[in-house]
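Chains as they are written, first to last, in this note's numbering: chain A, 23 to 165; chain B, 23 to 165; chain C, 23 to 165; chain D, 23 to 165. Backbone N, C-alpha and C define an ideal beta-carbon position, used for all residues, glycine too. Predicted model only: the values in this text are computed from it and were never measured. Notes for the one structure printed next.
There are 4 protein chains.
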Amino acid sequence: MRKLTLSTAETIISAAFEKAAELNLKPLTVAVLDAGGHAILLKRQDGSSIMRPQIATGKAIGALAVGTGTRWLNANAESRPHFVNALNGVSGGAIVPVPGGVLVKNDEGETLGAVGITGDTSDNDEACAVAGIAAASLVADCG
Amino acid sequence: MRKLTLSTAETIISAAFEKAAELNLKPLTVAVLDAGGHAILLKRQDGSSIMRPQIATGKAIGALAVGTGTRWLNANAESRPHFVNALNGVSGGAIVPVPGGVLVKNDEGETLGAVGITGDTSDNDEACAVAGIAAASLVADCG
Amino acid sequence: MRKLTLSTAETIISAAFEKAAELNLKPLTVAVLDAGGHAILLKRQDGSSIMRPQIATGKAIGALAVGTGTRWLNANAESRPHFVNALNGVSGGAIVPVPGGVLVKNDEGETLGAVGITGDTSDNDEACAVAGIAAASLVADCG
Amino acid sequence: MRKLTLSTAETIISAAFEKAAELNLKPLTVAVLDAGGHAILLKRQDGSSIMRPQIATGKAIGALAVGTGTRWLNANAESRPHFVNALNGVSGGAIVPVPGGVLVKNDEGETLGAVGITGDTSDNDEACAVAGIAAASLVADCG
């Protein structure tokens, strides 16, 4: 696979929601972006709060911004807060540097896009992203 | 129905895509927003260009902003361009005042949300929104 | 009177709503700002659409911006559109140059604030603002 | 109750102001927003400073953004400052993450809107929001 299609994005989100149901998580919002950071698919489950679309998208953008999952940004926010603050600035406030933004790669290591999930704990959000990406037979990079 | 659910939004977009296939339209992007203007579901078909998510969302926001479909805004853009320019300003550049932003109402006339579609001609975009809303047994207000 | 109080603003909006009921208008949103352009009181009637608070505020700001009611800005939008466009720019997109933004003055001609109304036709919006200001024994300047 | 009406918002603010008078607090500004984050009613008491409308609104938006009162955001600002900074970014600078932003829910736990209060200490601001919501026989979620 060379490009994320809408159909693959549907597979990813369906599997992420299945994982969330299995873990009995709070309502989630999930964004799947292409390699250029543009939305392919976004779903907000009933009861997920109003700014969740921006948070989910911000996690996915954060991962694409630095070329690895947002777990890396979360660690940097503690060790080098000035760097993460600056990223907020240069991105026009577009990134959310906590776990749950996961890169989607193919077998050759090429980045096809990113998944961002929000609604439960950051660790649980990330677990659902990983489950979704695996269901599409693609490779997750959590950072 | 009192609130648009994710499941209803899925019905709307599936029917809009069916209509588009029937009419042999270009790839579309469709946004379904709740009554407060927050995304419930957004789908960008393969080949739909990168700023389509913002355009689709901007049509739906435009309809919610003034309480009727964006066909009304499109007419005002000719008769009162300074009003539509001002709406762009006070909304922070969030509205797209051309047909294809359609309010979703229930039988009692209550606004439940809006659908915004972009990718083909504005008239065709709007026709798909209307088909989607009808498939969910809800009422379309095109403006 | 030297300053608009919250209590006077309440008088203005109540009388504006009474006028609207008398004329059988659509649901309105009304903003009363002080002389510095800061909100004292804002009311959105049930069924008034979601961007009406910004539109009402933008009319009131527009009146304060140029020192007369927005009927003057509306005329200028036709005769000198580049001026009104520029005002949009320098105000950061804050003004709405159509009738319904009315200055509130005292008997000495001092500006105490402005009222902005939106929801029906611009002429009807303005008539309600005038009725509200009269009920507070203050002087309306429509532009 | 399914939707906050202007009349219910009036009840909330009147009771909040009564509580403030009882506690002898400084002049307050109170915003009541609907579930989508759009103003229904905003009142600034005489003597309340000029940016209070934005602060009150920002508290209410903050609560709606994450689906619980801003006391939760205030705690997160200490434990995960990068998350709260990011929320500021993705919201376009719209949130104020200190106590005094309180969700308004009905008996079934559905979010109908939010109240934001500012002017005294954050704890006192919040106490007035809680009193206002109780007076409307609705349920407060402080976070």
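Grab the span of the beta strand (DSSP E) containing residue i for me, first residue to last.
i: LYS127 (chain C); result: 123-127
Report the partner residues of residue i according to the DSSP bridge assignment.
i: LYS48 (chain A); result: Paired residues: none, contrary to the question.
i: LEU63 (chain D); result: C:LYS65, D:VAL54
i: ASP163 (chain A); result: A:LEU125
i: THR20 (chain D); result: Outside the shown range of chain D, which is 23 to 165, sits residue 20 (chain D), and nothing can be said about it.
i: THR27 (chain A); result: THR27 (chain A) is not bridged to any residue.
Taking CB distances under 8 Å as the criterion, tell me whether residue i reaches chain D.
i: GLY115 (chain B); result: no
i: VAL106 (chain A); result: yes
i: ALA153 (chain B); result: no
i: ALA57 (chain B); result: yes
i: LEU28 (chain C); result: yes
i: ILE139 (chain A); result: no
i: ILE34 (chain C); result: no
Check residue i in the structure and name its three-state DSSP category.
i: GLY84 (chain C); result: helix
i: GLY138 (chain A); result: strand
i: PRO33 (chain C); result: At residue 33 (chain C) the sequence reads Thr, which differs from the Pro that was named. It is helical.
If I follow the unbroken alpha helix (DSSP H) through residue i, where does it start and stop?
i: LEU95 (chain D); result: 92-101
i: GLY154 (chain B); result: 144-157
For chain A, find out if any of its Cβ atoms is closer than 8 Å to the Cβ of residue i; answer yes or no.
i: PRO121 (chain B); result: no
i: PRO75 (chain B); result: yes
i: GLY111 (chain D); result: yes
i: ASP142 (chain B); result: no
i: ILE72 (chain B); result: yes
Would you say the beta carbon of residue i comes nearer than 7 Å to a heavy atom of the ligand HEM?
i: LEU64 (chain C); result: Among the ligands in the structure shown, none appear at all, so the ligand HEM cannot be discussed.
Strictly under 8 Å for the Cβ-Cβ distance: is residue i near chain B by that measure?
i: ALA53 (chain D); result: no
i: ASN146 (chain C); result: no
i: ASN63 (chain A); result: Inspection of the sequence shows that residue 63 (chain A) is occupied by Leu rather than by Asn. Yes - at least one Cβ of chain B is within 8 Å of the one on LEU63 (chain A).
i: ASP68 (chain A); result: yes
i: ALA99 (chain C); result: yes
i: ARG24 (chain D); result: yes
i: GLY80 (chain C); result: yes
i: VAL124 (chain C); result: no
i: VAL161 (chain C); result: no
Using a Cβ cut-off of 8 Å (strictly closer), state whether residue i contacts chain C.
i: ALA87 (chain B); result: yes
i: ARG102 (chain B); result: yes
Is there a Cβ from chain F that is less than 8 Å from the Cβ of residue i?
i: ALA42 (chain A); result: Looking for chain F here will not work: the only protein chains present are A, B, C and D.
> On the three-pair Cβ rule with 8 Å, is the region 26-44 of chain A touching the region 136-152 of chain A?
Replying inline: yes
> Are three or more beta carbon pairs between the region 154-163 of chain A and the region 95-112 of chain A nearer than 8 Å?
Replying inline: Result no; under three Cβ-Cβ pairs closer than 8 Å.
> Would the region 79-86 of chain A and the region 68-77 of chain B be scored as touching if the rule is three or more Cβ pairs under 8 Å?
Replying inline: no
>> Tell me whether the region 37-55 of chain C and the region 144-151 of chain C touch, counting them as touching only if at least three CB pairs, one residue from each stretch, are closer than 8 Å.
In response: yes
> With contact counted as at least three CB pairs below 8 Å, one residue from each stretch, are the region 106-125 of chain B and the region 101-115 of chain C in contact?
Replying inline: yes
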